Structure formats: C-alpha cells, structure tokens
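Asks:
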Ligand code: C5P
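Residue numbers (the numbering used here): -17 to 273.
(1) Apart from the five residues just before and just after residue 91, which ones in its own chain have a Cβ nearer than 6 Å to its Cβ?
(2) Do you know offhand how far residue 38's Cα is from residue 267's?
(3) Bridge partners for residue 6 per DSSP, in chain order?
(4) With DSSP collapsed to three states, give me the class of residue 216.
(5) With distance defined between alpha-carbon atoms, name the residue in 3, 115 and 72 nearest to residue 87.
(6) Within the continuous beta strand (DSSP E) that includes residue -15, where are the two ends?
(7) Let me know the secondary structure DSSP gives residue 138 once reduced to three states.
(8) Considering just the uninterrupted stretch of the beta strand (DSSP E) at residue 282, what are its terminal residues?
(9) How big is the Cα-Cα spacing for residue 44 and residue -16?
(10) Taking DSSP's pairing of strands, which residues face residue 185 in a bridge?
(11) Under 6 Å Cβ to Cβ from residue 233, same chain only, skipping five residues before and after it: list those, please.
(12) Pull up the distance between the alpha-carbon of residue 155 and that of residue -5, whole angstroms please.
(13) Closer than 6 Å by C-beta to residue 29: which residues in its own chain qualify, once you throw out the five before and the five after it? Chain order, please.
(14) Residue 73 lies in the beta strand (DSSP E); which residues open and close that run?
(15) Express the C-alpha separation of residue 46 and residue 188 in angstroms, rounding to a whole number.
(16) Pick out whichever of 194, 23, 203 and 105 has its Cα sitting closest to the Cα of residue 125.
(17) Determine the DSSP secondary structure at residue 159, reduced to helix, strand or coil.
(18) Can you find at least 3 beta carbon pairs, one from the stretch 156 to 175 and one from the stretch 247 to 265, that sit closer than 8 Å?
(19) Comparing the CB of residue 18 with every heavy atom of ligand 1, is any distance shorter than 8 Å?
(20) With DSSP run on the structure shown, which of helix, strand or coil describes residue -7?
(21) Contact check, residue 26 vs residue 41 under 8 Å by CB: the rounded distance?
(22) Just list the residues that DSSP pairs residue 265 with in beta bridges.
(23) Given that a residue counts as buried once 16 or more other Cβ atoms are within 10 Å of its Cβ, and exposed if not, what is residue 146?
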C-alpha cells in the first residue's frame, strides 16, 4: 500500500492479492470455514483519495459500474466502523478508482477497506495502533487483515484474519485472467467438499525455495462446478504456460505462474486474443511500502 500526503488529502494505491495456497481445514460453528492460505500482494492497484469534510462520508467510484458507491461498499463500512469505534464525528470525501475486478478473488474490496482504515486513521489524526485497525478489519471481512499488515506475502489462518508474514525476496510473475463473470464467495465455499486430509501449508512453504511453486486451491473444483466455463480456461492456461495454474481465492479469476514478466505479457495476450476475457500480467510487489 503506497500512501502519500498531498496538502490536506491522502492518496493511497492499494494492491490486489493472489492465493498461492488455500486449504480448508474445517467448518466452524459461526458458518465460516477454518482456512490455511498463502497470499501475495501483486502490482495491480486500486487508488483512493481521502479529503477532509465536515461530517458526511461521501464516496465516488470510477468507473461507476465497477463497484457500488453506497453502504454495500466496504470502503464506507470501514469508515463507519472507524467512526463508531473512536467516536470521531469528522467526515471525508473519498474518491475510489477501481482497477481490481470485483468478485474475482483478487481482494479488491478488502484492499480498499484496509486502505480506508489506514488512511482515515491518518486523515482524522486518530493514532490508532495497527493492532486496533486489525480488530476493526476482522469485524468487516476475512481478507482485510492481510492488507492492513502491508506485507508482500503471508500465511493467513482462522477465517483468514490471522496473518503471519513470510519474509521472502522471491520475485514471481503471473498471468491473471478474469473470465468476465464474478463468483460469490459464500456460494463457492458452500459448494466445496471438505477434504478428509487437509493439505498442510508446509509443502507450499518448502516449494518457495525451489524452482516449481506447489500451487493449491481447495476451491478450484467447487468454482468449476458452479461455472463449467472455467474448465476451458484451465485448459487454455495449461497450453499457454508450462507452469501450474489455479483459481485465486473463491474466484472467478484464474492465474498461472510465468517464468518471467515477458512470458506473462505474451500469455496474457494469447488468452485475451482467444476470447477468454480480460487477461493481464502481474508481479509480486517489491518492498513493504508497496504492499
Ligand atoms: O469474509 P467475507 O465476509 O468476505 O466472507 C463472505 C462469505 O464467504 C462468508 O459469509 C462465508 O459464507 C464465506 N467464507 C467462509 N469461510 C471463510 C471466509 C468466507 O465460509 N474463511
């Protein structure tokens, strides 16, 4: 997450994420699933500008069709949660430029919510420690804590809100394809069969120092059964890049590891040209400032 002060306003560029490993450990009594997942920040960013305002919270989203600008948007829910938690009655004018596709498993809404908590804490001079921002983030959704942590890579557990950063300098290049439709997180989780023997994250962690990364996402088959078109996308990835590919989060975006950025650009062109939707290259972000 890149944060800049410009006079009285704050500008934030906040990244997307990919899940390199996602395993379901079990079902919980609160209706959620216990997870073990590895997330990486990648260089596709939404941008948010926060300006001081008297008392109202106002959100403008562009392009307008990319996300709602009302209380369904996690940005306004995060701002409201921050005001309720602190008793702050200041307002803000928020402009959100969406580049991360919604309902894609790329964490766009969660990243925007994390950016809102971090930036309004600064704009309103609240001085909340990161631990308190984490508490608020966990109350708003499962992936927001990863972005509040501002780390390049982490293992996330619980609902996803318990974040253990991984110290790695490994650069990775990916090609991501958004098939033009979204998938509902709850629906995909509901469709998923629980593994009898969950795969531990250890195999994935060990593969980080090897040439071939051991990708895994337990939600792949559930997403494919809801949208069989994803099978074609899976096959297209298999012929376009030699490496493994899978769903990110609960989808609908599919991604694969490319040997380098150039190969990712070529593969994205091929997928886009073949009519698979919006395909683009992304890379891991370097330096904690950008996460
Ligand atoms: O955390 P978030 O509100 O984005 O999750 C949306 C839905 O996805 C939840 O209501 C739940 O049905 C499902 N989910 C789950 N287990 C998780 C995370 C999400 O079952 N760890």
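Where a beta carbon is used, it is the ideal one built from N, C-alpha and C, also for glycine.
Nothing here was measured: the structure is a model prediction, and the numbers come from that model.
Replies: Taking the structure as given:
(1) Cβ within range, chain order: 56.
(2) The alpha-carbon separation between residue 38 and residue 267 amounts to approximately 34 Å.
(3) DSSP lists 17 as partners of residue 6.
(4) Note: residue 216 maps to helix in three-state DSSP.
(5) Distances from the CA of residue 87 to each of 3, 115 and 72 were compared; the closest alpha carbon is that of 3.
(6) Note, residue -15: beta strand (DSSP E), -16 to -12.
(7) Of the three classes helix, strand and coil, the one that applies to residue 138 here is strand, per DSSP.
(8) As shown, the chain starts at -17 and ends at 273. That puts residue 282 outside it, with no answer to give.
(9) Those two C-alpha atoms are separated by around 19 Å.
(10) Looking at the DSSP output, residue 185 bridges to nothing.
(11) These residues qualify, in order along the chain: 87, 165 and 205.
(12) Cα to Cα, the separation comes out at about 20 Å.
(13) Scanning its chain for C-beta atoms nearer than 6 Å, with the 5 sequence neighbours on each side dropped, one finds around residue 29 the residues -5 and 79, in chain order.
(14) Looking at the DSSP string, the run of the beta strand (DSSP E) that includes residue 73 is 73 to 79.
(15) Rounded to the nearest angstrom, the gap between the Cα atoms of residue 188 and residue 46 is 43 Å.
(16) Comparing Cα positions, the closest option is 23.
(17) If DSSP states are grouped into helix, strand and coil, residue 159 belongs with the strands.
(18) In the pairwise beta carbon analysis, the stretch 156 to 175 is classified as touching the stretch 247 to 265: at least three pairs are separated by under 8 Å.
(19) For ligand 1, not one heavy atom lies less than 8 Å from the Cβ of residue 18.
(20) Correct three-state label for residue -7: strand.
(21) Incorrect: roughly 21 Å between the Cβ atoms, too far for contact.
(22) Residue 265 pairs with 155.
(23) A residue is called buried when at least 16 other Cβ atoms come within 10 angstroms of its Cβ; residue 146 does not meet this threshold and is exposed.
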